[in-house]
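A short worksheet on the structure shown next.
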Amino acid sequence: MNTKIDRSEIGPGYTVKVYQKIKEGGKEKFQIFEGLVIAKKHGKGISSTITVRRTISGVGVERIFPVHSPSIEKIEVVKQEKVRRAKLYYLRKAKGKRARLKRKEAVVKE
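Here the sequence shown is numbered in the numbering used here, starting from 31 and rising by one per residue.
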């Protein structure tokens with residue numbers, strides 16, 4: 031998908047890559063965290079946050095990112111899933127095929 035999208039429009043069901051700037055010593059590098067957005071809090075305001083979840087070698091890892099933080103270089107959308115909930119916390123307990131979401135079909139406007 032890799033489309034340009036406004037940061038405030040990212041919500042649950044999006045699979046994203048978050049590029050975060052990290053300073054180590056005198057160097058600046060990027061840390062990339064890719065995962066599924068399971069929650070968005072505080073609306074579209076400056077203090078809005080997203081919770082991104084991924085599974086690394088069988089262990090679930092969640093990170094909370096402030097969407098408009100200056101340490102976030104960019105948020106890249108990888109794909110979008112079809113969801114019917116605002117919070118996808120039920121995916122924490124789901125394993126295997128239950129943890130998968132359906133792919134959202136592209137809607138063509140005429």
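The beta carbon of each residue, even a glycine, is placed where N, CA and C say it ideally should be.
Computed from a prediction, not measured in an experiment: that's the story for all the values here.
Report the three-state DSSP secondary structure of arginine 37 (helix, strand or coil). helix
So what does lysine 112 bridge to, in DSSP terms? Lys132
Measure the alpha-carbon distance for lysine 134 versus valine 113 and round it to whole angstroms. 8 angstroms
Exposed or buried, which one is tyrosine 120 when buried takes at least 16 other CB atoms within 10 Å? Residue burial annotation: tyrosine 120 is exposed, with fewer than 16 other C-beta atoms found within 10 angstroms of its C-beta.
Report the option in Pro42, Phe95 and Ile40 whose CA atom is closest to the CA atom of phenylalanine 63. Phe95
Alpha-carbon spacing of alanine 69 relative to lysine 104, whole angstroms: 18 angstroms
What first and last residue would you give for the beta strand (DSSP E) that runs through arginine 83? 79-86 is the extent of the beta strand (DSSP E) around arginine 83.
Less than 9 angstroms separating the beta-carbons of phenylalanine 60 and tyrosine 44? no
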